[in-house]
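Participant: Residue numbers (the working numbering): 5 to 278.
Glycine included, every Cβ here is placed at the ideal spot set by N, Cα and C.
(1) Short of 6 Å in beta carbon distance, which residues of its chain neighbour residue 34, apart from the five on each side in sequence? Order them along the chain.
(2) Ignore the nearest five residues each way along the sequence and tell me which others in residue 31's own chain have a CB closer than 8 Å to its CB.
(3) Taking 8 Å as the cut-off, does the segment 104-117 touch the segment 136-146 (at least 3 CB pairs, one atom from each stretch)?
(4) Can you check whether the C-beta of residue 168 is within less than 9 Å of a C-beta belonging to chain B?
(5) What are the boundary residues of the alpha helix (DSSP H) that residue 110 is part of?
(6) Would you call residue 23 buried or exposed, if buried means 16 or more other Cβ atoms sit within 10 Å of its Cβ?
(7) Give me the residue from 196, 219 and 268 with the minimum Cα distance to residue 228.
(8) When you compare only the Cα positions, how much space is there between residue 203 and residue 40?
(9) Evaluate residue 249 with the Cβ neighbour count: other Cβ atoms within 10 Å of its Cβ, from every protein chain shown; 16 or more gives buried, anything less gives exposed.
(10) For a test of the three-state rule: what should DSSP assign to residue 251, helix, strand or coil?
(11) Taking residue 72 as the reference, give the member of 262, 265 and 240 with the closest Cα.
(12) Please state the DSSP three-state secondary structure of residue 178.
(13) From residue 285 to residue 223, what distance separates their C-alpha atoms?
(14) Would you say residue 163 and residue 104 are within 9 Å of each other, going by their C-beta atoms?
(15) In angstroms with no decimal places, state the Cα-to-Cα distance between residue 179 and residue 82.
(16) Using three-state DSSP, classify residue 246 as helix, strand or coil.
(17) Under DSSP, the alpha helix (DSSP H) around residue 96 begins and ends at which residues?
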């Protein structure tokens, strides 16, 4: 299962426990050594603890940069996805009337599926959206191929197929980035190991200095837990805490609804003269 099976709340609680336990363990070890040996000085342990804290800060910044960049990529993909759907939808006007109306309905359903996927957190619902999207891809592609075979030299058909191909590619990218790309467990393990060592060193150095336990320890634990939970939330868009804006798709759906309404009114207009 790995770290991917741990909820965001689980990350927060686990981090608080790890930090508090590591500090307490380091403090007890330092207190034990301090009472039995005067050779252990504060300066060396303070330097080592500072170096470990620096490494922890580096890996936290490195990890945050990865998930932050991925979040920006997801937002950009929503815009690109909306543009690809809009282009394919407009080029579908060159299809015969029957196929045009069928394709337009499929594009509308496709956008609705994507908006619905952004509102759900259930893995089963998201998988269902992916499956239904694949079905729509196949229907649109088969329709495009059938029309292209009527005129193999048609530039219009080639442009429509190109736009469909781009639409499918962006779908694959969004699925890969949002659902399949995660921080490797190895990074989480390194982060956890450095956190344990740094916090244990902090507790150890506190004891060597002859200080008592600080009431600020819970604040330190919560601070680290918030950062780790933030990283985990950015790494998992399905958590719902940091979701990429779907506004480009919302605007596209409104444009499509307007187009459908205009077509409906045009079809309802009486034909012929006076």
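Facilitator: The answer reads as follows:
(1) By one-based count along the chain shown, residue 34 stands at place 30. Closer than 6 Å at Cβ, skipping near neighbours: 208, 211 and 212.
(2) Stepping through the chain shown from its first residue, residue 31 is reached at position 27. For residue 31, where only same-chain residues beyond five positions count, the Cβ hits under 8 Å are 207, 208, 210, 211 and 217.
(3) yes
(4) Absent from the structure is chain B; it holds one protein chain and no more.
(5) In the chain shown, counting from the first residue as 1, residue 110 sits at position 106. That run of the alpha helix (DSSP H) goes 101-123.
(6) As a working note, residue 23 is residue 19 in the chain shown. Buried, by the Cβ-count rule.
(7) Along the chain shown, one-based indexing puts residue 228 at 224. Here the closest residue by C-alpha is 196.
(8) If you number the chain shown from 1, residue 203 lands on position 199. If you number the chain shown from 1, residue 40 lands on position 36. Distance between the alpha carbons of residue 203 and residue 40: 22 Å.
(9) Taking the first residue of the chain shown as 1, we reach residue 249 at position 245. Exposed, because fewer than 16 other Cβ atoms sit within 10 Å of the Cβ of residue 249.
(10) Counting from one through the chain shown, the residue named residue 251 turns up at place 247. If DSSP states are grouped into helix, strand and coil, residue 251 belongs with the helices.
(11) Here residue 72 is taken as the residue at index 68 of the chain shown, counted from 1. Here the closest residue by C-alpha is 240.
(12) To locate residue 178, count along the chain shown from 1; it is residue 174. Helix at residue 178.
(13) The structure shown has nothing for residue 285, since the chain only spans 5 to 278.
(14) Within the chain shown, numbered from 1, the residue matching residue 163 stands at position 159. Within the chain shown, numbered from 1, the residue matching residue 104 stands at position 100. Not in contact: residue 163 and residue 104 (Cβ atoms no closer than 9 Å).
(15) Within the chain shown, the letter at position 175 stands for residue 179. Within the chain shown, the letter at position 78 stands for residue 82. Distance between residue 179 and residue 82, taken at the CA atoms: about 11 Å.
(16) In the chain shown, counting from the first residue as 1, residue 246 sits at position 242. Correct three-state label for residue 246: coil.
(17) Numbered from 1 along the chain shown, position 92 holds the residue referred to as residue 96. Unbroken run through residue 96: none, as it is neither H nor E.
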